[in-house]
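The structure under discussion appears below in the form of structure tokens.
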Amino acid sequence: MHISKVDLNLFIVFEAIYAEGSITRASLKMSLTQPAISHALNRLRQLFDDPLFERQGHVMTPTPLARSIIEPVRRSLRGFEVTLNGAARFDAASSERSFSLALRDVLEASVLPPLMAGVAREAPAVTLNTLQVSRRELESELAAGTLDAAIDILLPLSNDIRRTQLAGDKTVVLVRRGHPLVKRRALTLDTYLQLEHIQTSSRRRGPGLEDVELSRQGLQRRIRLRCQHYFAACRVVAETDLALTMPEGLARIVNQQFNNQLLPFPLDMPALDIYLYWHTSVDNDPANLWLREQILAAMAIS
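If you read the sequence shown in our numbering, its first letter stands for residue 275, the second for the next number, and so on.
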């Protein structure tokens, strides 16, 4: 069937139902009546000769065919949007655009201050939303345009996702001043392995990067505490003999009020490389280009 015979608005409705899981919520999102949404869905069902969505309780569950076409549909809709937006130059000074950036919470403290300083200076009405998105969903969200960009470690994503490397970060070990096993600001590998450690992670289980590096040498440290946030871990370090291994840049921020010792990690460990990700469909989008420039500038001074 030729595209000229298809109402492309039907695919906007399709994506809305898929994203919301409900005809009611899709109608609210699009400011259309529920009968209008239902009518569009019926036309799509005839077009594809497939129900596309089946009601399970209060949720519209996509069929296998719907799941197979959602990403191409989202990429196409995003392409149309970029084409329309790209027709005009992005004027940061007058724009009221809202950008969404996927950012792990461990990076917020180092990335956001310089980033927002630059955004506020150049674009006083632009807003920024940072989100923690599952890495399994990162590519689909970038393709759909629900994310404008993402900052994360090196990830195995498809060629539809562009990336550029940002500044890396060294690994350091924090112990309290006056620690009985760490003297003269020196930390040997033997002493590191004698210490009891804090592991900071949002995951329930699994090793940290430092544990992977130790395991390569046939070594293992003792984890005494597993917690979620580096700020809390730094406070525990200040009040106990536990040690904390973490990225240096963040350590210098969250450790300011605790004044723990920052010591080099006692093994050669590659810097933790961070990458900026965006979808190929927004390569030349003026607004996205501006956002990426702001992020690159902020990471250069953070």
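Glycine included, each C-beta is placed from N, C-alpha and C at the ideal position.
Check your understanding: If we call anything under 8 Å between Cβ atoms a contact, is THR445 one with PRO540?
Key -> In the sequence shown, counting from the first residue as 1, residue 445 sits at position 171. In the sequence shown, counting from the first residue as 1, residue 540 sits at position 266. No.
Review point. Buried or exposed: PHE354, going by 16 or more other Cβ atoms within 10 Å of its Cβ?
Key: Mapped onto the sequence shown, residue 354 falls at position 80. The residue is exposed, with fewer than 16 neighbouring Cβ atoms inside 10 Å.
Point to revise | Cα-Cα separation between ASN577 and ARG341, rounded to whole angstroms | key: The displayed coordinates of the chain run from 275 to 576. Any statement about residue 577 would go beyond what the structure contains.
Point to revise | Cα-Cα separation, THR337 to PRO481 | key: Along the sequence shown, read from residue 1 onward, the residue named residue 337 stands at position 63. Along the sequence shown, read from residue 1 onward, the residue named residue 481 stands at position 207. Roughly 37 Å separates the two Cα atoms.
Point to revise | Integer-rounded CB distance, given that ALA417 should sit under 8 Å from ARG349 | key: Taking the first residue of the sequence shown as 1, we reach residue 349 at position 75. Taking the first residue of the sequence shown as 1, we reach residue 417 at position 143. Right, the Cβ-Cβ distance comes to about 5 Å (below 8 Å), so this counts as a contact.
Review point. For SER372, does the three-state DSSP call read helix, strand or coil?
Key: Sequence index remark: in the sequence shown, residue 372 carries index 98 (1-based). Reduced to three states, the DSSP call for SER372 is strand.
Point to revise | Selection from ALA525, LEU550, ALA300, PRO538 that minimises the alpha carbon distance to ALA383 | key: What you label residue 383 is simply residue 109 of the sequence shown in a count that begins at 1. Of the listed residues, the one whose Cα sits closest to ALA383 is ALA525.
Check your understanding: Is ILE286 helix, strand or coil when you go by DSSP?
Key -> Counting from 1 along the sequence shown, the entry for residue 286 is found at position 12. In the structure shown, ILE286 sits in a helix (DSSP, three-state: H, G or I).
Review point. Are the beta-carbon atoms belonging to GLU470 and ARG509 less than 8 Å from one another?
Key: What you label residue 470 is simply residue 196 of the sequence shown in a count that begins at 1. What you label residue 509 is simply residue 235 of the sequence shown in a count that begins at 1. Not in contact: GLU470 and ARG509 (Cβ atoms no closer than 8 Å).
Exercise for review: Measure how close the beta-carbons of GLY392 and GLN568 come, nearest whole angstrom, since I'm counting them as under 8 Å.
Suggested key: The residue you call residue 392 lines up with position 118 of the sequence shown. The residue you call residue 568 lines up with position 294 of the sequence shown. At roughly 5 Å, the Cβ-Cβ gap stays under 8 Å, so GLY392 and GLN568 are in contact.
Exercise for review: Quickly, what does DSSP pair ASP443 with across the bridge? List them, please.
Suggested key: Taking the first residue of the sequence shown as 1, we reach residue 443 at position 169. For ASP443, which the question treats as bridged, DSSP gives the partners LEU546.
Review point. Distance, Cα to Cα, ARG299 vs THR335?
Key: Taking the sequence shown and counting its residues from 1, the one referred to as residue 299 is at position 25. Taking the sequence shown and counting its residues from 1, the one referred to as residue 335 is at position 61. So the two alpha carbons sit approximately 14 Å from each other.
Check your understanding: Which value, in whole angstroms, describes the spacing of the CA atoms of SER375 and LEU282?
Key -> What you label residue 375 is simply residue 101 of the sequence shown in a count that begins at 1. What you label residue 282 is simply residue 8 of the sequence shown in a count that begins at 1. For the sequence presented, residue 375 should be read as Leu rather than Ser. If you take the alpha carbons of LEU375 and LEU282, they lie about 28 Å apart.
**Study point:** As assigned by DSSP and simplified to three states, the class of PRO257
**Key:** Here the chain covers residues 275 to 576 and nothing more, so residue 257 does not appear.
**Study point:** Rounded C-alpha distance that separates ARG566 from ILE435
**Key:** As a position in the sequence shown, residue 566 is number 292, starting the count at 1. As a position in the sequence shown, residue 435 is number 161, starting the count at 1. If you take the alpha carbons of ARG566 and ILE435, they lie about 14 Å apart.
Practice item. Mind checking which residues open and close the alpha helix (DSSP H) that includes VAL510? Key: The residue given as residue 510 occupies position 236 in the sequence shown. Its alpha helix (DSSP H) spans residues 504-513.
Check your understanding: From THR465 to HIS453, what does the alpha carbon distance come to, in whole angstroms?
Key -> Mapped onto the sequence shown, residue 465 falls at position 191. Mapped onto the sequence shown, residue 453 falls at position 179. Using only the alpha carbons, I get a separation of about 11 Å.
Check your understanding: Out of ALA293, MET520, TRP552, which has the shortest C-alpha to C-alpha gap to ILE344?
Key -> Residue numbering aside, residue 344 sits at position 70 when the sequence shown is read from its first letter. The shortest C-alpha separation from ILE344 is found at ALA293.
Point to revise | First and last residue of the uninterrupted alpha helix (DSSP H) at ARG526 | key: As a working mapping, residue 526 is identified with position 252 in the sequence shown. ARG526 -> alpha helix (DSSP H) spans 522-528.
Check your understanding: What separation, rounded to the nearest whole angstrom, lies between the Cα atoms of ALA397 and ALA366?
Key -> The sequence position of residue 397 within the sequence shown is 123, counting from 1. The sequence position of residue 366 within the sequence shown is 92, counting from 1. Cα to Cα, ALA397 sits roughly 5 Å from ALA366.
Review point. Taking the alpha-carbon positions, what's the PRO430 to GLU413 distance?
Key: Looking up residue 430 in the sequence shown gives position 156. Looking up residue 413 in the sequence shown gives position 139. One C-alpha to the other measures close to 10 Å.
Review point. Is it right to say ASN534 is buried, meaning 16 or more other beta carbons lie within 10 angstroms of its own, or is it exposed?
Key: As a working mapping, residue 534 is identified with position 260 in the sequence shown. Classification for ASN534: buried.
Review point. What residue from ARG317, ASN316, GLY295, ALA290 has the CA that sits closest to SER305's CA?
Key: Translated into positions along the sequence shown, residue 305 becomes position 31. Checking every option, the nearest Cα to that of SER305 belongs to ALA290.
Practice item. Please check the pair VAL511 and ILE472, which I expect to be a contact at CB under 8 Å, by giving their CB distance rounded to whole angstroms. Key: What you label residue 511 is simply residue 237 of the sequence shown in a count that begins at 1. What you label residue 472 is simply residue 198 of the sequence shown in a count that begins at 1. Their Cβ separation, rounded to whole angstroms, is 7 Å, which keeps VAL511 and ILE472 in contact under 8 Å.
Review point. Going along the chain, which residues of its own chain have a beta-carbon closer than 8 Å to the beta-carbon of LYS325, five neighbours each way excluded?
Key: Residue 325 sits at position 51 when you count from the first residue of the sequence shown. Sequence inspection shows Pro at residue 325; the Lys mentioned does not correspond to that position. For PRO325, where only same-chain residues beyond five positions count, the Cβ hits under 8 Å are ARG319, THR337.
**Study point:** Local Cβ density within 10 Å of HIS578, reported as buried at 16 or more and exposed below that
**Key:** A question about residue 578 goes unanswered here, because the residues of the chain that appear run from 275 up to 576.
Review point. What does a CB cutoff of less than 8 Å around VAL385 pick up in its chain, not counting 5 residues either side in sequence?
Key: Along the sequence shown, read from residue 1 onward, the residue named residue 385 stands at position 111. Excluding residues within five positions, the ones whose Cβ falls inside 8 Å are LEU377, ILE425, ILE569, ALA572, MET573, SER576.
Check your understanding: Can you check whether the CB of ILE548 is closer than 8 Å to the CB of ILE427?
Key -> In the sequence shown, residue 427 corresponds to position 153, counting from 1. In the sequence shown, residue 548 corresponds to position 274, counting from 1. A contact, by the Cβ cut-off of 8 Å.
Practice item. Determine the DSSP secondary structure at ALA571, reduced to helix, strand or coil. Key: For the purposes of this step, residue 571 is taken as the residue at position 297 of the sequence shown. Residue state, collapsed to three classes: helix.
Review point. In or out: GLU415 buried (at least 16 other Cβ within 10 Å) or exposed?
Key: Within the sequence shown, residue 415 is the residue found at index 141, counting from 1. Buried, because 16 or more other Cβ atoms sit within 10 Å of the Cβ of GLU415.
Practice item. Hey, could you find the ends of the alpha helix (DSSP H) VAL280 is sitting in? Key: Here residue 280 is taken as the residue at index 6 of the sequence shown, counted from 1. Neither: VAL280 is in no alpha helix (DSSP H) and is coded neither H nor E.
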